[in-house]
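Asker: In the working numbering, the protein residues as written are 8 to 562.
(1) Relative to the C-alpha of residue 244, which residue among 176, 447 and 219 is closest?
(2) Any chance the stretch 214-223 sits against the stretch 248-266, with 3 or more Cβ pairs inside 8 Å?
(3) Taking all protein chains shown into account, do 16 or more other C-beta atoms lie within 10 angstroms of the C-beta of residue 429, making it buried, or fewer, making it exposed?
(4) Going by DSSP, which residues form a beta bridge with residue 258?
(5) Suppose you measure from the CA of residue 556 to the CA of residue 403; what does that come to, to the nearest Å?
(6) Figure out for me which residue from 393, 360 and 317 has the closest Cα to the Cα of residue 332.
(7) Which residues in the same chain have their Cβ closer than 8 Å to the Cβ of residue 493, if we skip the five residues on either side of it in sequence?
(8) Going along the chain, which residues of its own chain have a beta-carbon closer than 7 Å to the beta-carbon of residue 120, five neighbours each way excluded?
(9) Determine contact between the stretch 475-492 and the stretch 535-552, defined as no fewer than three beta-carbon pairs at a distance below 8 Å.
(10) Taking the beta strand (DSSP E) that residue 219 belongs to, which residues open and close that run?
(11) Pick helix, strand or coil for residue 421, following the three-state DSSP scheme.
(12) Taking contact to mean 3 or more Cβ pairs, one atom from each stretch, closer than 8 Å, check whether the stretch 335-347 and the stretch 267-280 are in contact.
(13) Under the rule that 16 or more other beta-carbon atoms within 10 Å means buried, what is residue 164, buried or exposed?
(14) For the beta strand (DSSP E) holding residue 74, just list the boundary residues, first then last.
(15) Have a look at 463, 532, 317 and 179 and flag the residue whose alpha-carbon is nearest the alpha-carbon of residue 349.
(16) How many angstroms separate the CA atom of residue 20 from the CA atom of residue 383?
(17) Are at least three pairs of beta-carbons, each pair with one atom in the stretch 189-208 and one in the stretch 227-235, less than 8 Å apart?
(18) Please list, in chain order, all residues of the same chain as residue 406 whose beta carbon is under 8 Å from its beta carbon, the five residues on each side excluded.
(19) Quick check on the burial criterion: 16 or more other C-beta atoms within 10 angstroms. Buried or exposed for residue 552?
(20) Helix, strand or coil: how does DSSP classify residue 206 here?
(21) If I'm right that residue 470 touches residue 36 with Cβ under 8 Å, what's the distance once you round it to whole angstroms?
(22) Going by CA-CA distance only, name the one from 68, 212 and 250 that's closest to residue 235.
(23) Drop a sphere of 10 angstroms on the beta-carbon of residue 282, count the other beta-carbons inside from all chains shown, and report buried for 16 or more, exposed for fewer.
(24) So, do the stretch 94-104 and the stretch 56-74 have three or more beta carbon pairs nearer to each other than 8 Å?
(25) Can you grab the Cα-Cα spacing for the pair residue 71 / residue 157, in whole Å?
(26) Does DSSP put residue 98 in a helix, a strand or coil?
(27) Name the one or two DSSP bridge partners that residue 534 has.
(28) Thinking residue 46 and residue 103 are a contact (beta carbons under 8 Å), I'd like their distance in whole angstroms, please.
(29) Alpha carbon to alpha carbon, how far is residue 74 from residue 254?
(30) Assuming residue 354 and residue 390 make a contact with CB atoms under 8 Å, what is their CB distance in whole Å?
(31) Should residue 449 go down as buried or exposed, given a rule of 16 or more other Cβ atoms within 10 Å for buried?
(32) In three-state terms, what does DSSP make of residue 284?
(33) Here's the rule I'm using: 16 or more other beta-carbon atoms within 10 Å means buried, otherwise exposed. How should residue 373 be labelled?
(34) Closer than 6 Å by C-beta to residue 42: which residues in its own chain qualify, once you throw out the five before and the five after it? Chain order, please.
(35) Looking only at DSSP bridge pairs, what is residue 229 linked to?
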């Protein structure tokens with residue numbers, strides 16, 4: 008697949024690219040995107056330092072782990088078959104196991120020893136055994152969505168699922184990593200996809216967002232799945248009581264927006280309609296032309312950004328139209344209400360053409376000049392704060408900043424009847440540029456999600472894959488970092504200490520991999536307060552660079 012740019016309006020002058028130092032002499036990362044074997048039976052690890060004995064549970068991670076079948080190769084990093092990992096931590100000891108998700112995609116590809124199910128960046132080729140006429144006709148069928156759920160581990164009603172961005176999820180056993188039944192969202196509620204980043208409230212309900220389209224147009228739907236009420240002994244997926252809280256019409260139903268996550272505070276859900284657009288006409292044609300899904304997404308900054316605010320308990324949508332200059336966001340940090348304002352923190356970029364760039368061809372570029380050139384062309388993602396005034400009425404004055412929170416540089420100006428234009432505050436100081444911006448943010452979610460908070464943890468991106476771990480302090484905008492040449496950490500996950508009294512009482516975990524030496528993976532445990540290493544669990548396996556993970560506490 009060509010690695011040329013899909014779009015010609017890439018914003019060459021975007022601020023983050025200007026400020027981040029240009030990379031020189033980047034090492035190759037091809038070993039981090041190659042197929043590995045699964046390890047279904049737990050193996051022991053070698054502990055260096057000290058893993059706190061109060062940590063009791065499983066660190067579960069997901070991500071691509073197989074990149075070819077027979078002679079067929081996947082094109083895009085997102086296309087690799089889901090490989091689930093489990094680090095089980097108990098009494099200061101750690102074991103490791105991994106299993107491929109037995110998705111329909113994985114099973115069918117394995118049986119035929121070739122790629123027969125379309126993925127995000129890879130079209131399955133027609134069956135060579137069919138005659139020409141049936142091969143030609145098969146082009147006109149819209150392919151079924153994949154159930155290769157390689158993005159995240161999520162929880163609904165107390166059960167774990169692995170999830171991607173289609174309408175399919177798979178229930179899994181968090182202990183054995185065994186694949187259970189396939190779940191189709193559209194059988195429970197009227198949506199035909201859902202994100203891999205649900206939010207959870209303190210009562211145990213889960214919230215997500217999914218698309219639907221029909222005669223009435225294209226809608227973004229906020230979904231609520233109630234807390235668990237499981238009957239003991241029942242071992243099956245349960246989505247009873249799932250409902251659509253609110254359906255938000257797309258501002259242009261022919262070109263709906265792509266989204267990867269959404270924001271949620273104590274009382275509000277915010278959907279961010281960003282100018283990464285899905286061209287539905289192209290989407291219909293892409294099968295006939297044999298083009299993959301990543302080709303139907305375009306960055307169209309002329310649309311700007313719209314924040315749709317919905318009351319979480321009533322499903323009522325705010326009549327105020329909040330907008331911002333064009334940006335894209337994949338991951339939210341946190342959102343909370345404060346004195347009549349909704350504060351939203353997220354990782355943002357000024358150029359939404361990055362998703363299609365993570366082809367395996369690009370990730371396997373030669374070290375040095377080839378790799379540098381590609382990395383330096385990419386936009387850097389940086390943390391931002393938007394503040395929305397919640398009490399805008401006809402009497403609210405226009406053309407003045409409505410944000411009156413102390414120490415806040417974000418602005419919101421009423422520009423007309425029911426319209427507010429927001430500009431962001433940067434949540435970092437210059438030091439962050441040395442780490443290449445940040446992504447994969449995590450907080451002390453259990454105790455601080457939807458509430459005022461001070462710290463978050465993230466990955467720095469001095470390479471195409473993250474090459475540092477960062478702790479950010481929102482009060483001082485200063486950072487603490489863990490960075491070592493040749494080591495590539497996964498998304499950090501915060502685990503609170505028992506009886507913690509402060510927000511950063513606990514540990515941060517990350518899986519560290521390296522392209523430099525074979526089978527030199529380790530689980531790193533940092534003291535969240537000082538951001539220094541407490542211990543590591545070395546495991547003699549290769550793990551490809553992954554996506555997201557969770558800590559499943561066990562009692």
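For every residue, glycine included, the Cβ atom is placed at its ideal position computed from N, Cα and C.
Answerer: Based on what the coordinates show:
(1) Indexing the chain shown from 1 puts residue 244 at position 237. The option with the nearest alpha carbon to residue 244 is 176.
(2) The answer is yes - the stretch 248-266 touches the stretch 214-223, with three or more Cβ pairs under 8 Å.
(3) Indexing the chain shown from 1 puts residue 429 at position 422. It counts as buried.
(4) Translated into the one-based positions of the chain shown, residue 258 becomes position 251. In the DSSP output, where bridge partners are listed per residue, residue 258 has none listed.
(5) Residue 556 sits at position 549 when you count from the first residue of the chain shown. Residue 403 sits at position 396 when you count from the first residue of the chain shown. For residue 556 and residue 403, the distance between alpha carbons rounds to 44 Å.
(6) The count along the chain shown starts at 1 and reaches residue 332 at position 325. Of 393, 360 and 317, the residue nearest in Cα terms is 393.
(7) Position 486 of the chain shown, counted from the first residue, corresponds to residue 493. When the five nearest sequence neighbours on each side are left out, the beta carbons in the same chain lying within less than 8 Å of the beta carbon of residue 493 are those of 34, 521, 522 and 523, in order along the chain.
(8) In the chain shown, the residue the question calls residue 120 occupies position 113. 76 and 77.
(9) Enough Cβ pairs lie closer than 8 Å, so yes.
(10) Within the chain shown, numbered from 1, the residue matching residue 219 stands at position 212. From DSSP, the beta strand (DSSP E) with residue 219 extends over 213-221.
(11) Looking up residue 421 in the chain shown gives position 414. Strand.
(12) Verdict: yes, contact present.
(13) For this step, residue 164 is matched to residue 157 along the chain shown. Residue 164 counts as buried, since at least 16 other C-beta atoms from the protein chains shown sit within 10 angstroms of its C-beta.
(14) Within the chain shown, residue 74 is the residue found at index 67, counting from 1. That residue, residue 74, is in no beta strand (DSSP E); it is neither H nor E in DSSP.
(15) Counting from 1 along the chain shown, the entry for residue 349 is found at position 342. Measuring from the Cα of residue 349, the nearest candidate turns out to be 317.
(16) Taking the first residue of the chain shown as 1, we reach residue 20 at position 13. Taking the first residue of the chain shown as 1, we reach residue 383 at position 376. In this prediction, residue 20 scores a pLDDT of 41, lower than 50, which makes its location untrustworthy; the coordinate-derived value is nonetheless stated afterwards. Straight-line Cα distance between these residues: approximately 13 Å.
(17) With the cut-off at 8 Å, the stretch 189-208 and the stretch 227-235 touch.
(18) Residue mapping note: residue 406 aligns to position 399 of the chain shown, counting from 1. Non-local beta-carbon contacts of residue 406 in its own chain, meaning distances under 8 Å to residues more than five positions away in sequence, involve 420, 421 and 422 in chain order.
(19) Numbered from 1 along the chain shown, position 545 holds the residue referred to as residue 552. A residue is called buried when at least 16 other Cβ atoms come within 10 angstroms of its Cβ; residue 552 meets this threshold and is buried.
(20) As a working mapping, residue 206 is identified with position 199 in the chain shown. Correct three-state label for residue 206: strand.
(21) Taking the chain shown and counting its residues from 1, the one referred to as residue 470 is at position 463. Taking the chain shown and counting its residues from 1, the one referred to as residue 36 is at position 29. The pair is a contact, with the Cβ atoms about 7 Å apart (cut-off 8 Å).
(22) Along the chain shown, one-based indexing puts residue 235 at 228. That would be 212, whose Cα lies nearest to the Cα of residue 235.
(23) Counting from 1 along the chain shown, the entry for residue 282 is found at position 275. Only buried fits residue 282, as 16 or more other CB atoms lie within 10 angstroms of its CB.
(24) Proximity of the stretch 94-104 to the stretch 56-74 meets the contact definition, three or more beta-carbon pairs being nearer than 8 Å.
(25) Indexing the chain shown from 1 puts residue 71 at position 64. Indexing the chain shown from 1 puts residue 157 at position 150. Going by the C-alpha atoms only, they are around 6 Å apart.
(26) Position 91 of the chain shown, counted from the first residue, corresponds to residue 98. Correct three-state label for residue 98: coil.
(27) To locate residue 534, count along the chain shown from 1; it is residue 527. 514, per the DSSP bridge assignment.
(28) Locating residue 46 in the chain shown gives position 39, counting from the first residue. Locating residue 103 in the chain shown gives position 96, counting from the first residue. About 7 Å separates the two Cβ atoms, so the contact holds.
(29) By 1-based counting over the chain shown, the position of residue 74 is 67. By 1-based counting over the chain shown, the position of residue 254 is 247. Spanning the alpha carbons of residue 74 and residue 254 requires a straight line of approximately 37 Å.
(30) Looking up residue 354 in the chain shown gives position 347. Looking up residue 390 in the chain shown gives position 383. Yes, residue 354 and residue 390 are in contact; Cβ-Cβ is about 6 Å, under 8 Å.
(31) In the chain shown, counting from the first residue as 1, residue 449 sits at position 442. Flag for residue 449 reads buried.
(32) Taking the first residue of the chain shown as position 1, residue 284 is located at position 277. In the three-state DSSP reduction, residue 284 falls in the strand class (E or B).
(33) Position 366 of the chain shown, counting from 1, holds the residue named residue 373. Classification of residue 373: exposed, given that the 10 Å Cβ count is below 16.
(34) As a working note, residue 42 is residue 35 in the chain shown. Counting only Cβ-Cβ distances below 6 Å, and skipping sequence neighbours, we find 73 and 74.
(35) Position 222 of the chain shown, counting from 1, holds the residue named residue 229. For residue 229, which the question treats as bridged, DSSP gives the partners 216 and 253.
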